[in-house]
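Numbering-wise (my numbering), the sequence shown opens with residue 715 and increments by one.
By construction, the Cβ of each residue, glycine as well, lies at the ideal position given by its N, Cα and C atoms.
Since the structure is predicted, the reported quantities are computational estimates derived from the model, not experimental observations.
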Amino acid sequence: MEPKEHLILALDVSKREEALRLVQLLRHEIGIFKIGWQLFLAEGPQILLDLVDNLGPGHVFLDLKIYDISNTLKGALRNIIPGVALVTIHNNLGEGGLTAILAEIGSDFKVMAVTLLTSLSGEDLRRLGYASEYADDPSRLVLHQAQMAKSAGCHGVICSGWEARAVKEICGRDFLVVCPGIRPPWSVVAGDDQKRVVTPAEAMKNGADYIVVGRPIRTASDPVAAARRVVAEIAEGLAGRE
Numbered sequence: 715m716e717p718k719e720h721l722i723l724a725l726d727v728s729k730r731e732e733a734l735r736l737v738q739l740l741r742h743e744i745g746i747f748k749i750g751w752q753l754f755l756a757e758g759p760q761i762l763l764d765l766v767d768n769l770g771p772g773h774v775f776l777d778l779k780i781y782d783i784s785n786t787l788k789g790a791l792r793n794i795i796p797g798v799a800l801v802t803i804h805n806n807l808g809e810g811g812l813t814a815i816l817a818e819i820g821s822d823f824k825v826m827a828v829t830l831l832t833s834l835s836g837e838d839l840r841r842l843g844y845a846s847e848y849a850d851d852p853s854r855l856v857l858h859q860a861q862m863a864k865s866a867g868c869h870g871v872i873c874s875g876w877e878a879r880a881v882k883e884i885c886g887r888d889f890l891v892v893c894p895g896i897r898p899p900w901s902v903v904a905g906d907d908q909k910r911v912v913t914p915a916e917a918m919k920n921g922a923d924y925i926v927v928g929r930p931i932r933t934a935s936d937p938v939a940a941a942r943r944v945v946a947e948i949a950e951g952l953a954g955r956e
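This is how it looks when you write it as structure tokens:
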């Protein structure tokens, strides 16, 4: 993979026109474009078709963090538009649960389990009622969730760059790791709500397969230049892997 293929841009906008403008501007700088709730609710499933038609298969990430019982999840995954590369779910399935679902529906996309949002800190976990072992060390919760996700049949997890190396060690090199909460050292994000953050180089050095970057690129005065700086940092991190 080229360094740019490890980069996912979060299309956290509310208009189809703005999303397609960013895609057109950055399609040669970025590997995958992510659609979350903001754009999906504003434009509906048609925006997925638009991006797949525009970019071809394998370049769209549907990040809805689907959370439901197995039967409902199966129905949702069955309706994923062909050409989508990655889909997120919450990690609520028993051992082998997703394996059975995917075997039944047949799919070309990768299912990624959300472990712990990068906007949550240990203190947040304490307030939410998590056990002290997790509140004191959120990485323990992430690793527990990663092991559960692998047992369920997920292809990988979403986690911070802090845990990427440990997830790979526990779940294997082929288990995909996607890291949001990425902040290049040169970026300044007003009102930043991310707490467990790393730089692009740190995430890649720690073993991330993909990193998700949104505001540092999307709101930059020159998004193309910002994307290229991130890609250079990805290359630096890849070169520093052990």
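Compare the C-alpha of residue i against each of the options and name the closest.
i	options	result
residue 836	846, 774 and 759	846
residue 936	739, 731 and 723	739
residue 807	764, 757, 741 and 787	787
residue 744	943, 951 and 952	943
residue 923	900, 932 and 872	872
Looking only at DSSP bridge pairs, what is residue i linked to?
i	result
residue 737	Beta-bridge pairing links residue 737 to no other residue.
residue 872	828 and 892
residue 823	DSSP output for residue 823 lists no bridge partner at all.
residue 996	In the structure as shown, the chain begins at 715 and stops at 956. Residue 996 is therefore absent and cannot be evaluated.
Who are the Cβ neighbours of residue i in its own chain at under 8 Å, not counting the five residues just before and after it?
i	result
residue 799	746, 771, 772, 773, 774, 775, 823 and 824
residue 946	717
residue 948	717, 718, 720, 721, 914, 915, 918 and 925
Tell me which same chain residues have a C-beta within less than 6 Å of the C-beta of residue i, skipping the five on either side of it?
i	result
residue 849	836, 839 and 840
With DSSP collapsed to three states, give me the class of residue i.
i	result
residue 781	coil
residue 912	strand
residue 795	coil
residue 724	strand
residue 800	strand
residue 848	helix
residue 960	An answer regarding residue 960 cannot be provided, because it is not within the stretch 715 to 956 covered by the chain.
residue 732	helix
Residue range of the beta strand (DSSP E) that residue i falls in?
i	result
residue 892	890-893
residue 744	Unbroken run through residue 744: none, as it is neither H nor E.
Taking the continuous alpha helix (DSSP H) assigned at residue i, which residues delimit it?
i	result
residue 863	852-866
residue 948	937-953
residue 930	929-932
residue 841	836-841
residue 768	760-769
residue 719	Where residue 719 is concerned, there is no enclosing alpha helix (DSSP H), given that its DSSP letter is neither H nor E.
residue 879	878-885
residue 751	751-757
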